[in-house]
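Below is one structure, written out as structure tokens; comments come after it.
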Ligand code: HPA
Ligand code: ZN
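Residue numbers (my numbering): 16 to 364.
Structure follows, in structure tokens:
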């Protein structure tokens with residue numbers, strides 16, 4: 016146990032402490048970090064026609080009512096990504112922003128099927144992203160790993176083919192995930208491809224319980240055998256599930272601004288992050304699709320702590336510490352970051 020005196024940390028110090036503290040980001044879609052300015056730059060570089068005349072017009076179209084209305088625009092934005100260099104530029108732009116937020120470790124989702132469907136070579140996608148990860152480590156001291164996500168609105172056969180096509184670059188990604196339209200596409204639809212990924216020694220995660228019911232969280236755990244749940248906020252509808260998640264210290268990668276933009280919660284003041292922590296869950300704070308939802312990881316921390324008076328220094332520490340407990344980095348690396356986190360909080364008390 017750490018001996019940090021949380022009550023001695025003045026609440027006015029908290030925003031700066033949240034910004035400065037080392038943190039891991041575990042739920043970020045690289046395609047969701049594609050800012051409108053970069054969409055226009057890449058469209059011009061690649062000769063891709065856009066449906067919007069300006070950055071401002073594109074940004075004005077970011078008015079979402081639910082997950083699907085977001086995904087339609089998100090896939091359209093990704094259509095400018097064609098060359099290996101585009102993927103490198105995309106990830107490099109994210110790493111600059113993340114480093115400014117004191118992210119020391121990031122595990123990044125990418126959606127190869129969004130690109131291979133347009134004729135892009137999966138090798139170009141993975142090589143471009145991997146090169147950006149190497150540069151992030153070398154130039155920013157930011158540790159980064161990739162997680163390949165399957166699009167759940169497509170078939171399991173397509174997911175299996177995507178995994179096989181990615182295997183020449185097996186050493187460049189640490190795990191697989193499951194994203195896109197949740198309702199009507201339960202985790203068990205992907206039982207075989209997750210079993211195959213497990214055989215390959217890949218880490219396993221899945222989006223579940225964002226718009227889908229608690230039963231999807233259960234089948235992600237029991238059928239897919241995931242090691243983290245992405246979102247998972249609807250777990251509170253099943254007290255037995257909450258008890259299980261707490262007992263197993265199963266991480267939930269929560270994305271507050273995303274949840275409000277996609278109307279999972281009507282307002283930030285109604286977000287259940289405090290309840291998740293109070294129930295003893297290993298909840299973390301993440302940005303999901305920062306270019307679309309109004310902010311990067313620190314914006315998510317600040318927005319949640321501004322709107323939710325139940326969140327104080329103790330909860331800030333717990334969320335940050337959880338990010339390392341939940342990460343797939345080595346135990347030694349996590350221990351170093353947790354020691355830095357402890358030092359930051361001790362100095363503020
Ligand atoms: N949910 C499902 N799929 C996604 C998301 C999300 O929040 N972001 C990008 N793809
Ligand atoms: Zn997501």
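In this text, a Cβ means the ideal position worked out from N, Cα and C, and glycines have one as well. Quick caveat, the model's predicted, so the values are computed rather than measured.
Contact test: residue i Cβ vs ligand 1 heavy atom, cutoff 7 Å
i           : result
residue 304 : yes
residue 267 : no
residue 214 : no
residue 122 : no
residue 92  : no
Straight-line Cα distance separating residue j from residue i
i           : j           : result
residue 26  : residue 358 : 18 Å
residue 211 : residue 321 : 43 Å
residue 104 : residue 189 : 21 Å
residue 215 : residue 30  : 42 Å
residue 35  : residue 338 : 15 Å
residue 279 : residue 94  : 27 Å
residue 228 : residue 200 : 11 Å
residue 348 : residue 155 : 16 Å
residue 319 : residue 250 : 19 Å
residue 16  : residue 336 : In this prediction, residue 16 has a pLDDT of 46, which is less than 50 and means its spatial position is unreliable; nothing more can be read from the coordinates.
residue 342 : residue 18  : 23 Å
residue 23  : residue 132 : 54 Å
residue 356 : residue 340 : 12 Å
residue 310 : residue 288 : 18 Å
residue 328 : residue 32  : 9 Å
Ligand 2 heavy atom lying under 7 Å from the CB of residue i
i           : result
residue 194 : yes
residue 245 : yes
residue 145 : no
residue 222 : yes
residue 44  : yes
Sequence-distant residues of its chain with Cβ nearer than 6 Å to residue i (five each side left out)
i           : result
residue 148 : 159
residue 51  : 70, 73, 74
residue 44  : 124, 304
residue 58  : 65, 95
residue 177 : 127, 128
Residue i vs residue j beta-carbon contact at 8 Å
i           : j           : result
residue 205 : residue 165 : yes
residue 277 : residue 81  : yes
residue 307 : residue 134 : no
residue 213 : residue 175 : no
residue 275 : residue 246 : no
residue 299 : residue 41  : yes
residue 243 : residue 220 : yes
residue 255 : residue 292 : no
residue 99  : residue 39  : no
residue 143 : residue 101 : yes
residue 168 : residue 193 : no
residue 76  : residue 67  : yes
Sequence-distant residues of its chain with Cβ nearer than 7 Å to residue i (five each side left out)
i           : result
residue 203 : 234, 238
residue 366 : Because residue 366 is not part of the residues shown, which for the chain are 16 to 364, the question remains open.
Close-in-space but distant-in-sequence residues of the same chain around residue i (CB under 8 Å, 5 per side omitted)
i           : result
residue 389 : Since the first residue shown for the chain is 16 and the last is 364, residue 389 is missing from the structure and cannot be characterised.
residue 157 : 110, 113, 114, 118, 119, 120, 121, 151
residue 20  : 364
What beta strand (DSSP E) runs, 3 residues minimum, are completely inside the region 115-176? 118-125, 158-166
Every unbroken alpha helix (DSSP H) inside the region 230-307 [4 residues or more]:
254-262, 271-276, 288-293
Q: At 3 residues or longer, and completely inside the region 32-116: list those beta strand (DSSP E) runs for me, N to C.
A: 38-44
Every unbroken beta strand (DSSP E) within the region 185-225, with a cutoff of 3 residues, ordered by chain
190-194, 218-223
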